[in-house]
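Q: Numbering (full-length UniProt numbering), first residue to last: 1 to 67. Note that CB positions come from ideal geometry on N, CA and C, so glycine has one too. Before we start, here is the structure in question, set down as structure tokens.
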Amino acid sequence: SGMTAAMNGAVNFSTDDGWIPEFAKNGVNSFVIPQVDFINLPVEEQDKQDIEHLYDILEKSNPPNLL
């Protein structure tokens, strides 16, 4: 799970699912990928936005956080 990954020093990327509000601190013990409009957007557009958000996090994060 994401909680176990964070406690063991793994780099964790996650969408805003059930455990995020309980434990995750974006940029501290995880990287949270922002939600997209999954109700109104086609799946292909959701995927496109998800990958853009992921790359944005990778490009703008502090490199030591990834080590």
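Could you check what DSSP says for I57 in three-state terms: helix, strand or coil?
A: Here I57 sits in helix by DSSP.
Q: Taking 8 Å as the cut-off, decide whether the C-beta atoms of residue 74 and I33 are in contact.
A: The shown model of the chain, from 1 to 67, leaves out residue 74, and the question about it has no answer.
Q: Just the Cα atoms here: how many angstroms apart are D37 and E45?
A: One C-alpha to the other measures close to 9 Å.
Q: If we ignore side chains and look at the alpha-carbon of each, how far apart do N12 and Q35 end up?
A: Rounded to the nearest angstrom, the two C-alpha atoms are 16 Å apart.
Q: Starting from I20, trace the alpha helix (DSSP H) in both directions and tell me its first and last residue.
A: Here the alpha helix (DSSP H) through I20 covers I20 to F23.
Q: Run the CB neighbour count on F23, radius 10 Å, all protein chains shown included, and call it buried at 16 or more, exposed below.
A: When all chains shown are included, F23 counts as exposed.
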